[in-house]
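Counting in full-length UniProt numbering, the sequence shown tops out at residue 257, every number present. Glycine residues also receive a C-beta, built at the ideal position from the N, C-alpha and C atoms.
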Amino acid sequence: MFWIKKLVTQLFMPISLSLILLLVAMIILRRRKLVKSLIFTSFSILLFVSSQWGANLLVNPLEIQYPVNNQPAPAECVVMVLGSAHDDSIQGAATQQLSATALSRLTEGLRQLELGQGCQLVVSGWGGGLNHSAHAMVMAQAAMSLGVPEHKIIVLPLAKDTIEEAQHLKWEIGDLPFRLVTSATHMPRSMAIFKQAGLRPQAAPTDFIGRNDYWWKLDARNLLSSQRAIHEYVGKLWFDIRYGDEIELRDAVSESL
Numbered sequence: 001m002f003w004i005k006k007l008v009t010q011l012f013m014p015i016s017l018s019l020i021l022l023l024v025a026m027i028i029l030r031r032r033k034l035v036k037s038l039i040f041t042s043f044s045i046l047l048f049v050s051s052q053w054g055a056n057l058l059v060n061p062l063e064i065q066y067p068v069n070n071q072p073a074p075a076e077c078v079v080m081v082l083g084s085a086h087d088d089s090i091q092g093a094a095t096q097q098l099s100a101t102a103l104s105r106l107t108e109g110l111r112q113l114e115l116g117q118g119c120q121l122v123v124s125g126w127g128g129g130l131n132h133s134a135h136a137m138v139m140a141q142a143a144m145s146l147g148v149p150e151h152k153i154i155v156l157p158l159a160k161d162t163i164e165e166a167q168h169l170k171w172e173i174g175d176l177p178f179r180l181v182t183s184a185t186h187m188p189r190s191m192a193i194f195k196q197a198g199l200r201p202q203a204a205p206t207d208f209i210g211r212n213d214y215w216w217k218l219d220a221r222n223l224l225s226s227q228r229a230i231h232e233y234v235g236k237l238w239f240d241i242r243y244g245d246e247i248e249l250r251d252a253v254s255e256s257l
């Protein structure tokens, strides 16, 4: 199910979808009207997601839902930093192996630690099938190199996705409130997942990718931002389909109490 979910999600990404449409157009070249429509659709998709206007139209509704969290944290708080990616084939310190997204999340996690006293840092993530080291281990090593004591770090190295991260964290802390650190585009879906698991997250978003730039500007950064946003919309749709009834039932029970 994990890999099927990943594969289906990729089919909806801008580049994959555009290439599929172009491939279909090449296969049915004799049907000229349909071919023209497919080529025009592919061109329109790439134009939209590569523009600053298109990227912001997709990204902003996700990022504005939760502001930066500057609130003081209670004593002995818990800060959960969701996993992203790393490459342990890179020779060097753990901080150099982390992706830009992972490093941004870890940096915000350390900032959240400074907002409280005696807080614990939780890092998570598996190796992704390509790395020898679990992502959580690399995040922990990076955190220690940046001054976090080892005994203040909880490592969850087996969680493959956000749903499993929520499950594993619940086993560790129960229903204690905690700061949830992840990318701003990922935060709405993450909050829904952690709340559905019966946890009490407080959003601490980071890695904001919405930009104020010329609307007509086309570049690869916009394409990447659009792809990340679309990934979140598809992921949220899948989550709502799978867990929507459970969430509605829980909310109804809460209102009746």
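Item: In this structure, how does DSSP classify residue 163 when only helix, strand and coil are distinguished?; Value: helix
Item: What residue from 148, 125, 75 and 88 has the CA that sits closest to residue 117's CA?; Value: 75
Item: Assign residue 91 to one of two classes, buried (16 or more other C-beta atoms within 10 Å of its C-beta) or exposed (fewer than that).; Value: exposed
Item: By how many angstroms is the C-alpha of residue 47 removed from the C-alpha of residue 218?; Value: 8 Å
Item: Quick check on residue 86: does DSSP put it in helix, strand or coil?; Value: strand
Item: If you follow the beta strand (DSSP E) that residue 205 is part of, which residue opens it and which one closes it?; Value: 200-206
Item: In the DSSP assignment, what are the bridge partners of residue 181?; Value: 81 and 204
Item: I need the straight-line Cα distance from residue 223 to residue 61, nearest angstrom please.; Value: 17 Å
Item: Under a three-way DSSP split, which group does residue 121 fall into?; Value: strand
Item: Can you look up residue 49 in the DSSP assignment and give me helix, strand or coil?; Value: helix
Item: Determine, using beta carbons only, whether residue 66 and residue 177 come nearer to each other than 8 Å.; Value: no
Item: Excluding sequence positions up to five away, which residues of its chain have a Cβ less than 7 Å from the Cβ of residue 58?; Value: 226, 229 and 230
Item: Is it buried or exposed for residue 122, if we count other Cβ within 10 angstroms and need 16 for buried?; Value: buried
Item: Under the rule that 16 or more other beta-carbon atoms within 10 Å means buried, what is residue 242, buried or exposed?; Value: exposed
Item: Residue 202: which of 192, 211, 209 and 210 sits nearest, CA to CA?; Value: 192
Item: If you run the structure through DSSP and keep just helix, strand and coil, what is residue 259?; Value: Only positions 1 to 257 of the chain appear in this structure, which leaves residue 259 out of reach.
Item: With burial defined as no fewer than 16 other Cβ atoms inside 10 Å of the residue's Cβ, what is the status of residue 56: buried or exposed?; Value: buried
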